[in-house]
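Participant: Got a structure for you, written out below as C-alpha cells; questions coming shortly.
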Amino acid sequence: MDIEVLIESVANAVTAGITIGCIYGLMCIGLGLIFGIMKVVNFAQGELLMLGMFASLYLVTGGGVLAFLGPYIGPFVGAILAGPIVFVFGALLHKFLISRVSGLRTAGSIDDGHFGQLIVTLGISLVLQNGGMIVFGTIPQTVRTPLSSSAFLIDGFYGDATIFLNKAKLVACAIAIAVALILYFALEYTRIGKALRAAADNPTAATYMGIDVDKYYRMAFGLGSGITAIAGGLMATYLSFGSFIGFDYVIIMYSGVVLGGIGSIMGAFWGGMTVGMVQQISALVLPPQLQNAAIFIVFLLIVMLRPQGLFGRSAERA
Amino acid sequence: MLEVSGISVSYGGLRALTNVSLSVSEGQFVTVVGPNGAGKSTLFKTISGVVRPTEGSITFLGRDLLTLSAAERAHLGIAHVPEGRQVFKTLTVLENLEMGAYPKSGRVNWTRTLDRIHTLFPILAERARQMAGTLSGGEQQMVAIGRGLACAPKLLMLDEPSMGLAPAVTDTIFERISQIHGDGVTILLVEQRVAEALELSDHGYVLETGHMVLEGSYQTLLADDRVRKSYLGLTDE
Amino acid sequence: MRIGTAANLRRDLIILVGLSVVYLGAAWFVSNSYFQLIMTLVPIWAAFGVSWNILSGYGGQLSFGQASFFGVGGYTMTLALVYWNLTPWLGIPLGVVMGGIAAVVIGIPTFRLRGHYFALSMLAYPLAILYFMQYFGFQEVSLPMHRNSPVAYMQFSDPRYYTIVAIGLLAISVLVCSLVENSRFGLALLALRQNELAAEAAGIDTRTWKMRALIVSGMIAAGAGGLYACVQLVVTPDAMFGMLVSAQPVVMTLFGGVASIWGPVIGAAFLVPLSKLLDAYAGDYLRGIQGVVYGAAVIAIILAAPDGLFWTFRDRFFKPKAAEPLPAPHPEPRVASATEPAGAVLMKVEHLSKSFGGLRAVSDVSFSIGEGEILGIIGPNGAGKTTLFNVLNGVLPADEGTATLGGETMLGRKVHQVCHMGVGRTFQVVRSFPRLPLLDNVIVGAYGAGLSDHEAAEEAIRALHRTGLASQAGVPAGQLTNKQLRLMELARALAGRPRLLLLDETLAGLGREECDDVLNVLNRLRDEGMTVGIIEHTMHAMMRIADRFVVLDHGAVLASGRPRDVVEDRSVIEAYLGKKWLAKQDA
Numbered sequence: 509m510d511i512e513v514l515i516e517s518v519a520n521a522v523t524a525g526i527t528i529g530c531i532y533g534l535m536c537i538g539l540g541l542i543f544g545i546m547k548v549v550n551f552a553q554g555e556l557l558m559l560g561m562f563a564s565l566y567l568v569t570g571g572g573v574l575a576f577l578g579p580y581i582g583p584f585v586g587a588i589l590a591g592p593i594v595f596v597f598g599a600l601l602h603k604f605l606i607s608r609v610s611g612l613r614t615a616g617s618i619d620d621g622h623f624g625q626l627i628v629t630l631g632i633s634l635v636l637q638n639g640g641m642i643v644f645g646t647i648p649q650t651v652r653t654p655l656s657s658s659a660f661l662i663d664g665f666y667g668d669a670t671i672f673l674n675k676a677k678l679v680a681c682a683i684a685i686a687v688a689l690i691l692y693f694a695l696e697y698t699r700i701g702k703a704l705r706a707a708a709d710n711p712t713a714a715t716y717m718g719i720d721v722d723k724y725y726r727m728a729f730g731l732g733s734g735i736t737a738i739a740g741g742l743m744a745t746y747l748s749f750g751s752f753i754g755f756d757y758v759i760i761m762y763s764g765v766v767l768g769g770i771g772s773i774m775g776a777f778w779g780g781m782t783v784g785m786v787q788q789i790s791a792l793v794l795p796p797q798l799q800n801a802a803i804f805i806v807f808l809l810i811v812m813l814r815p816q817g818l819f820g821r822s823a824e825r826a
Numbered sequence: 020m021l022e023v024s025g026i027s028v029s030y031g032g033l034r035a036l037t038n039v040s041l042s043v044s045e046g047q048f049v050t051v052v053g054p055n056g057a058g059k060s061t062l063f064k065t066i067s068g069v070v071r072p073t074e075g076s077i078t079f080l081g082r083d084l085l086t087l088s089a090a091e092r093a094h095l096g097i098a099h100v101p102e103g104r105q106v107f108k109t110l111t112v113l114e115n116l117e118m119g120a121y122p123k124s125g126r127v128n129w130t131r132t133l134d135r136i137h138t139l140f141p142i143l144a145e146r147a148r149q150m151a152g153t154l155s156g157g158e159q160q161m162v163a164i165g166r167g168l169a170c171a172p173k174l175l176m177l178d179e180p181s182m183g184l185a186p187a188v189t190d191t192i193f194e195r196i197s198q199i200h201g202d203g204v205t206i207l208l209v210e211q212r213v214a215e216a217l218e219l220s221d222h223g224y225v226l227e228t229g230h231m232v233l234e235g236s237y238q239t240l241l242a243d244d245r246v247r248k249s250y251l252g253l254t255d256e
Numbered sequence: 044m045r046i047g048t049a050a051n052l053r054r055d056l057i058i059l060v061g062l063s064v065v066y067l068g069a070a071w072f073v074s075n076s077y078f079q080l081i082m083t084l085v086p087i088w089a090a091f092g093v094s095w096n097i098l099s100g101y102g103g104q105l106s107f108g109q110a111s112f113f114g115v116g117g118y119t120m121t122l123a124l125v126y127w128n129l130t131p132w133l134g135i136p137l138g139v140v141m142g143g144i145a146a147v148v149i150g151i152p153t154f155r156l157r158g159h160y161f162a163l164s165m166l167a168y169p170l171a172i173l174y175f176m177q178y179f180g181f182q183e184v185s186l187p188m189h190r191n192s193p194v195a196y197m198q199f200s201d202p203r204y205y206t207i208v209a210i211g212l213l214a215i216s217v218l219v220c221s222l223v224e225n226s227r228f229g230l231a232l233l234a235l236r237q238n239e240l241a242a243e244a245a246g247i248d249t250r251t252w253k254m255r256a257l258i259v260s261g262m263i264a265a266g267a268g269g270l271y272a273c274v275q276l277v278v279t280p281d282a283m284f285g286m287l288v289s290a291q292p293v294v295m296t297l298f299g300g301v302a303s304i305w306g307p308v309i310g311a312a313f314l315v316p317l318s319k320l321l322d323a324y325a326g327d328y329l330r331g332i333q334g335v336v337y338g339a340a341v342i343a344i345i346l347a348a349p350d351g352l353f354w355t356f357r358d359r360f361f362k363p364k365a366a367e368p369l370p371a372p373h374p375e376p377r378v379a380s381a382t383e384p385a386g387a388v389l390m391k392v393e394h395l396s397k398s399f400g401g402l403r404a405v406s407d408v409s410f411s412i413g414e415g416e417i418l419g420i421i422g423p424n425g426a427g428k429t430t431l432f433n434v435l436n437g438v439l440p441a442d443e444g445t446a447t448l449g450g451e452t453m454l455g456r457k458v459h460q461v462c463h464m465g466v467g468r469t470f471q472v473v474r475s476f477p478r479l480p481l482l483d484n485v486i487v488g489a490y491g492a493g494l495s496d497h498e499a500a501e502e503a504i505r506a507l508h509r510t511g512l513a514s515q516a517g518v519p520a521g522q523l524t525n526k527q528l529r530l531m532e533l534a535r536a537l538a539g540r541p542r543l544l545l546l547d548e549t550l551a552g553l554g555r556e557e558c559d560d561v562l563n564v565l566n567r568l569r570d571e572g573m574t575v576g577i578i579e580h581t582m583h584a585m586m587r588i589a590d591r592f593v594v595l596d597h598g599a600v601l602a603s604g605r606p607r608d609v610v611e612d613r614s615v616i617e618a619y620l621g622k623k624w625l626a627k628q629d630a
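Chains as they are written, first to last, in the numbering used here: chain E, 509 to 826; chain D, 20 to 256; chain X, 44 to 630.
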C-alpha cells in the first residue's frame, strides 16, 4: 500500500478516534457515575443515550430551538438541553423503580442487590426500546447540521496526506470535553460534589455526617442519566439513530467503564476514549460488521485479564 | 441533654439490648463499658439512628429522636465517631473534615473550628491533602474524631475509639478526648478498655449481654469486682 | 436420588403427563394457523426457559447470554440440513451436542468471573457471534423444502404435529430438570447459589457443578433452538442470537418462578400468547408491543413477587406439611478418630502467620487440639480468630507456618478438599436454604463429603438426632428459630463425618436458655469423642464447656491452658481490661 495513503488513513483514524473517543468518554462518565457511585448495574444506560438523542431531536425540530438559534448552533444546544430533561427522567426512574432494588436497602445482601438491578434495568431497557419504537416510529433520524458535511483540512505534514476534521464532530468533541471538565470540577471542589463522593465511598459514615444518602443516590442517577443523554445528543448530529440504538452502545459503555476502572469516574472518560480509538482504528483493518464484535472481544479480554482496569480499585474475580 | 430510656433492640431473633437506660447531662463525660458482644455498638447505633429499637424512647434536648432519620439527627448537633473509624478512604483528610461540617451548624465559623481541630491533632494539618485511606489506624482515628468535631457539636459520641489500635496510640487518643471535654464538649464514650475510659469520665455504665448491670462514678466501678467478672465470664447467674 | 424425593419425581411425572395430554388435546381443536403456531412456540420457549433456570435459577449464575446455545442449536441443525442434507431428527440432537461443547468452551474462561461481570460477559458472546454470522454472510438461511419425504425431514403439512414434537422437547427438558432438582445436583446448585463459600466449606466443588449446570443448560437450549429453526423455516442471526432471544428465558422464568420446575412453563404459558396476540392485533400501529409487555412484566414481577408467580402462590396457599417423623438412626460406627488413642494430638498448628498488606492478622501462632477435647479460642475483638479459621479451612492461604490434621497437611488445599479431609466448619453468619426442609439443608454437608445418597441420608438423620433437631426435619429452614439455625449449621458440619469441628461464634446472641441447649449438644458430642475448636465471645459459656483455652490478641497467642488458669493470667486480664485496670487493682 502506498505509504502516503497509509499514513493518511492512520492519521484520520487517530483523529477520528480522539474526537469520537471524547464523546464516548462523556457517555461512559454517565455510566461511571451510576456504576461507580451507586454500585448499580444499569442495563438501560443505552436507552438513556437514546432518549438524549430523541430529546435533542424534538427540542431542535419541534421545540423551535432550531428556528431560534439556527442550524449551526441549534443541534448542539439541543444536545446540551437534553441533559436536564433526561436528568429528571432518570431521577424519577430512580425514585420509583431503581431505589427499590438498590441503596442501603440491599447493601447487605449476597450480591449487593445486583440481581434485582440487572433484571429491573433489563425490563426498563426493553420497555424503552420497544416503547420508543411505538412513540418515535421506526424511521432513522438525525439532528441535521450543515457542520456535519464540512471539515477542516490539515495537510502538508506528509506529502499530499490530508486529515479531515469533521466540523460537527469537532464541536461535539469540544462540548464533550467541556462538560466532562465541568463535572470534574464540580465533583472535586463543590460541597455537593464532595458529599456525593463521600456517599459513594462510605454510605454509613455519610449518613452519620448528616448526608441523606438516598437523595444523593437519586441525584447521582439523574446526573449519570443526564450526562449520557448529552453525549447522545452530541452523537445525534453525526449518526442516524432509531429507538434500538442504545443497545449497540451498552457494551461499549461497560467496556469503557471497566477499562477505566470501576469507581473512577474520570477513569471512565479515558476508558471511553480508548474504546473509541480501538473502534476507529479497527475500522482500518476490519469490515464494519466486525468492528462491534471487536469491541466485545476487547470487553471480554479486559474483564478476564484486568478487571480492575487502569485506575480502578475493586474487582469481582473468582 | 440525652435521655435514653427502656431501649430494647432485636435483630431477627437475637435480643441485642434489653431495657437499657442512660442519661447524659450537659457538659458531662459519660462512658459505657462492657465486654465483647455486650451490645455497646448496638446502643451507639440505636442512638445514631442506624438501628431502630423495638421499645423505648430517646430524647435529645427535649426532641424525640425516634421520629428522625439517622441523617437528620446529625443536624441537631449530635456528632458521631463510629466504630472502626469509617473514614472516607478516597477523600483527602481535609475533605473528610469538611464532610464533618456538612450540617449547617458546621459551616458557621469554619475557619475557627478547623483551627481548633488542627491544634488538637496537628498531624491532620500536615496531611491535609493526603487520601485518608493511606493513613495509619491511629491517624485515621484522629481524622474520625476531627470529623466529629467539625460541626461544633453539642454532643460528641465515640464508639470504641481504641479498637485495633496499639496501646500507646490509644493513650494519646484518650488524652485528646479528655482535652476536648475540657473545651466544653459533652461526651458519650462507648469503650471496651475499662480503666482508660472510666478514668476520664464523670459517670459510667456497665453493659453485659444487652443489660445495664452496673452504674456509678469512676471510683465506685473501679472498686467493684463485678466488672472484672463480667469481662472474663466469671459471673454466676 | 435424594431420599424422599422419589415421591416428588413421581408427582412431577404425573403432572407432566397430565398437562401434556390436556395441552395436546386442546391443540387438536385449534384450527387457526396463527394460534397453532403459538401453541407450538409456547413449549419451545418454555423448554428454553427451563434451560436458563437450571443455570441461573437453581445455580444462581445469572446469565444474559442463553442465546449463544439457542443459536448454536439452530444453526447446527440448519446448516447440517442445507449442506449435508441431514434430517432435523438427527440434526437437532447434533445441535444439542454442539450446545454442550459450546458450553464447555464458554464456561472455562467465563466462570472465573462472578456476579454482574459474569452476566454481562455471557451477553457478549451471542452478540459477538451475531456479528460474525452477519460477516460470514449468513444473513438469512432458509430451510430447503423436502416435498418427497416431508415427515422424514420434520416438515409437517399439519402444524399440529409440530406441537407434538415441541411438547416432546419440553417433556424431556422438564424431566431433566426434575431429575436435577431431586438429586444432589440440584442441592449442590442451590447451595452454591445461596452461599458459595459455605457450600465449598461443606465440601462441594463449586466449579465443577457450575460447569455441569452450564452444559445441561446449553444442551437443552440448543435443542430448543434447533426445533425453533425447524418451525420457523428460516434463520437469521438476529432471531437466533439477538438480545431479545437472550431476554426471553430470563423474563419467562422470573415471571413464572425461579428455581422451580414449573416456573418457566407458567411464564411461557402467560407471556408468549400474550405478546404474540398483542403483536397480531395491535402490531401494526404498536410495533414492538411484545418488548414492552416483556419489559413491564419483568419489572412488575421483580418488584412485587421477586421469586415469581409459582412461589408466591405456593407460599400463600400451600402451607408446608407437618414434619414427618424421622426414622431412628442406625447404631453409629465409631468416628474414624477412634484409630487414634484418646488424648493424642489431632490438629497441630505451628508458627502460622497471615498478613494483609501491613497488618499481621495472624502472627506466629502455634497450638494443638487433642482428640476428643474442646478447645476454646478466645480473645478481644479483632484478635484474628476468624482469620485463623479461614486459613485452617482453606479460605485464605497462609503466609508461613504449618497446620496438620492427623499428620497430613491442611494448608495449600482448596476449601472443599479440606472438608474432605474431615474438617467441618460453621460460619458466623448462618445461611440456610429457607424454602427447603431442614433435612435437605443438612444433607448438603453429607454430599460434600462424597457419601452416596443412602449414606448421606443416614448421616444427615444421625446428625439431626445428635443435635436434637430430629423433630424438625421436615420444617422449611426459613421458619426455624435462631438457636435451631445454629444447630442446623452444626448438624450440616456433622453430616460430613468430620474428625474435627471448627465452630465460629455458634453461641453469639443466644439467650441464656438457648445457650444452655447448644452447650448440652456440644457436651454430648464431646462425650461421643468429637474434637472441637470453638471461637466464642460468650465467656461464661466457654468457661463451662472448654477443656482448654488459647487466647489470641493482635494475632498472636497470649496464653493457653486450663480455663481457670488462663483467666487468672495477668496478660490475659490486661488484654481484656487494659493495663491501667491491672495497675489500679494492684495499687
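In this text, a Cβ means the ideal position worked out from N, Cα and C, and glycines have one as well.
Name the DSSP beta bridge partners of residue 411 of chain X, please?
Facilitator: X:391
Participant: Taking beta-carbon pairs under 7 Å, can you tell me which members of the segment 567 to 598 of chain X lie near chain D?
Facilitator: Hits within the stretch, in order: 580, 581, 582, 583, 585, 586.
Participant: Determine the contact status of residue 530 of chain X and residue 511 of chain X, defining contact as a CB-CB distance below 8 Å.
Facilitator: yes
Participant: Spatial neighbours of residue 478 of chain X within its chain, please: CB distance less than 6 Å, with the 5 preceding and 5 following residues excluded, ordered by chain position.
Facilitator: 519
Participant: Leaving out five residues before and five after residue 116 of chain D in sequence, what residues of the same chain have Cβ atoms less than 6 Å from its Cβ?
Facilitator: 165, 166, 169
Participant: Roughly how many angstroms lie between the CA atoms of residue 441 of chain X and residue 595 of chain E, to the nearest whole one?
Facilitator: 49 Å
Participant: Which residue's Cα is closest to the Cα of residue 262 of chain X: X:139, X:459, X:229?
Facilitator: X:139
Participant: As a quick exercise: from E:760, E:772, E:774, pick the residue whose alpha carbon is nearest that of residue 788 of chain E.
Facilitator: E:760
Participant: Mind pulling the chain C residues with CB within less than 7 Å of residue 34 of chain D?
Facilitator: Note that chain C does not occur in the displayed structure, where the protein chains are E, D and X.
Participant: Are the beta-carbon atoms of residue 24 of chain D and residue 76 of chain D separated by less than 8 Å?
Facilitator: With respect to the 8 Å criterion, residue 24 of chain D and residue 76 of chain D are classified as neighbours on the basis of their beta carbons.
Participant: Along the chain, where does the beta strand (DSSP E) that runs through residue 176 of chain D open and close?
Facilitator: Where residue 176 of chain D is concerned, the enclosing beta strand (DSSP E) stretches over 174 to 178.
Participant: Is the beta carbon of residue 528 of chain X less than 8 Å from the beta carbon of residue 549 of chain X?
Facilitator: no
Participant: Report the neighbours of residue 720 of chain E on chain D: residues whose CB is nearer than 7 Å to its CB, in chain order.
Facilitator: 90
Participant: Report yes if the C-beta distance between residue 147 of chain D and residue 107 of chain D is below 8 Å; otherwise report no.
Facilitator: no
Participant: So, for residue 593 of chain E: in the same chain, excluding its five sequence neighbours on each side, which residues have a beta-carbon less than 6 Å away from its beta-carbon?
Facilitator: 563
Participant: Do residue 421 of chain X and residue 611 of chain X count as a contact pair if the criterion is CB distance below 8 Å?
Facilitator: no
Participant: Should the segment 163 to 179 of chain X be regarded as contacting the segment 747 to 765 of chain E, the criterion being three or more beta carbon pairs within less than 8 Å?
Facilitator: Verdict: yes, contact present.
Participant: Residues of chain X with a CB under 8 Å from the CB of residue 633 of chain E: which are they?
Facilitator: Within chain X, the residues near residue 633 of chain E are 338.
Participant: Name, please, each residue of chain D whose Cβ falls closer than 8 Å to the Cβ of residue 702 of chain E.
Facilitator: Those within 8 Å of residue 702 of chain E in chain D are 110, 114, 117, 118.
Participant: Considering only their Cβ atoms, is the gap separating residue 588 of chain E from residue 741 of chain E smaller than 8 Å?
Facilitator: Result yes, Cβ atoms of residue 741 of chain E and residue 588 of chain E sit closer than 8 Å.
Participant: Considering residue 30 of chain D, what are the terminal residues of the beta strand (DSSP E) in which it resides?
Facilitator: 21 to 30 is the span of the beta strand (DSSP E), which, as asked, contains residue 30 of chain D.
Participant: Give the straight-line distance between the Cα atoms of residue 333 of chain X and residue 106 of chain X, rounded to the nearest whole angstrom.
Facilitator: 21 Å
Participant: Check each residue of the segment 715 to 744 of chain E: if its Cβ is closer than 9 Å to any Cβ of chain X, include it; give the result in chain order.
Facilitator: Cβ contacts with chain X come from no residue of the segment 715 to 744 of chain E.
Participant: Straight-line CA distance for residue 396 of chain X to residue 182 of chain D?
Facilitator: 21 Å
Participant: Where are the beta strand (DSSP E) runs, 3 residues long or more, that stay fully inside the segment 177 to 235 of chain X, in chain order?
Facilitator: none
Participant: So what's residue 182 of chain D in DSSP terms, helix, strand or just coil?
Facilitator: DSSP places residue 182 of chain D in coil when its eight states are reduced to three.
Participant: Bridge partners for residue 443 of chain X per DSSP, in chain order?
Facilitator: X:396
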